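Peer 1: If you're matching positions, the sequence shown starts at 2 in this note's numbering and goes up one per residue.
Built from N, CA and C at the ideal position, the CB exists for glycine as well.
Just so you know, these numbers come straight off a predicted model, no measurement behind them.
I have a structure here, written as structure tokens, and I will follow up with some questions on it.
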Amino acid sequence: MKHPPFEILQDYFENALADSLENRVKEHLLVCDQCNRMLADFAVIETKVLKRQAPDLSMQAQQRIFADAKKMLAQRGQQKRAHVERQEKLKELVVEWQEKLSFDWRVPALQFCSLSLVLAMVVAVETNQTEETTYQPISTDVQVSTYQDVTPQEGE
Ligand SMILES: [Zn+2]
């Protein structure tokens with residue numbers, strides 16, 4: 002007995018054969034258990050595949066939808082994070098800029114302060130010196146006065 006090739010049986014199972022070929026397969030199936038079992042296996046396999054494929058497909062679709070949603074959320078999150086980071090960086094830059102500005106103001110202020118300190122010190126030293134120089138004459142005055150006190154005594 003010559004069995005139809007596997008592909009012909011498959012096409013018969015999928016109802017894709019031309020009528021003449023289909024009739025030939027039908028005639029063969031009336032007398033061949035082996036090909037009937039094969040067709041039964043096809044049916045079993047198909048129902049298994051269909052039963053498995055349906056949830057598999059939906060799972061895949063779900064996973065794809067979830068993945069897409071996750072991607073979208075991640076992108077939105079990244080965009081949001083990027084926006085927030087940019088805002089924070091801008092804030093930092095503004096603060097830095099303000100600090101730089103105030104620092105730029107502070108440096109001359111510090112310089113001015115130190116300059117005025119130096120001036121004050123110079124003035125203080127100079128006034129001290131003048132005080133000393135004014136004190137020294139006073140002391141010499143005292144000396145002189147004593148000397149003058151003495152001198153008239155000597156002169157006398
Ligand atoms: Zn057969």
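Excluding sequence positions up to five away, which residues of its chain have a Cβ less than 8 angstroms from the Cβ of C33?
Peer 2: On the sequence shown, position 32 is the one that residue 33 refers to. M2, H4.
Peer 1: Output the distance between the C-alpha atoms of E15 and A68, rounded to the nearest integer angstrom.
Peer 2: Start at 1 with the first residue of the sequence shown, and residue 15 comes out as number 14. Start at 1 with the first residue of the sequence shown, and residue 68 comes out as number 67. If you take the alpha carbons of E15 and A68, they lie about 35 angstroms apart.
Peer 1: By the three-class DSSP mapping on this structure, what secondary structure does M2 have?
Peer 2: Locating residue 2 in the sequence shown gives position 1, counting from the first residue. Correct three-state label for M2: coil.
Peer 1: Confirm, please, whether the CB-CB distance from V26 to I9 is below 8 angstroms.
Peer 2: Residue numbering aside, residue 9 sits at position 8 when the sequence shown is read from its first letter. Residue numbering aside, residue 26 sits at position 25 when the sequence shown is read from its first letter. Yes, these two residues count as a Cβ contact at 8 angstroms.
Peer 1: Can you check which of these residues, D42, Y13, A17, A41, is closest to E28 by C-alpha distance?
Peer 2: Here the question's residue 28 lines up with position 27 in the sequence shown. Per the Cα distances, Y13.
Peer 1: Does any residue of chain D have a CB that is nearer than 8 angstroms to the CB of R87?
Peer 2: Protein chains in the displayed structure number just one, and chain D is not present.
Peer 1: Closest to Q11 by CA distance: which of L31, S21, A41 is it?
Peer 2: For the purposes of this step, residue 11 is taken as the residue at position 10 of the sequence shown. Of the candidates L31, S21, A41, the one whose C-alpha sits nearest the C-alpha of Q11 is A41.
Peer 1: L18: buried (16+ other C-beta within 10 angstroms of its C-beta) or exposed?
Peer 2: If you number the sequence shown from 1, residue 18 lands on position 17. Result: buried.
Peer 1: Which of the three DSSP states is assigned to C36 in this structure?
Peer 2: Here residue 36 is taken as the residue at index 35 of the sequence shown, counted from 1. Helix, per DSSP.
Peer 1: Cα separation between L31 and N24?
Peer 2: In the sequence shown, residue 31 corresponds to position 30, counting from 1. In the sequence shown, residue 24 corresponds to position 23, counting from 1. Straight-line Cα distance between these residues: approximately 11 angstroms.
Peer 1: Starting from E15, follow the alpha helix (DSSP H) in both directions and report where the run begins and ends.
Peer 2: Sequence index remark: in the sequence shown, residue 15 carries index 14 (1-based). Careful: E15 lies outside any alpha helix (DSSP H) and carries neither H nor E.
Peer 1: How many Å lie between G78 and L116 at the Cα?
Peer 2: Position 77 of the sequence shown holds residue 78. Position 115 of the sequence shown holds residue 116. Whole-angstrom Cα-Cα distance: 54 angstroms.
Peer 1: Does any heavy atom of ligand 1 sit closer than 7 angstroms to the C-beta of Q11?
Peer 2: Locating residue 11 in the sequence shown gives position 10, counting from the first residue. No, the beta carbon of Q11 sits no closer than 7 angstroms to any heavy atom of ligand 1.
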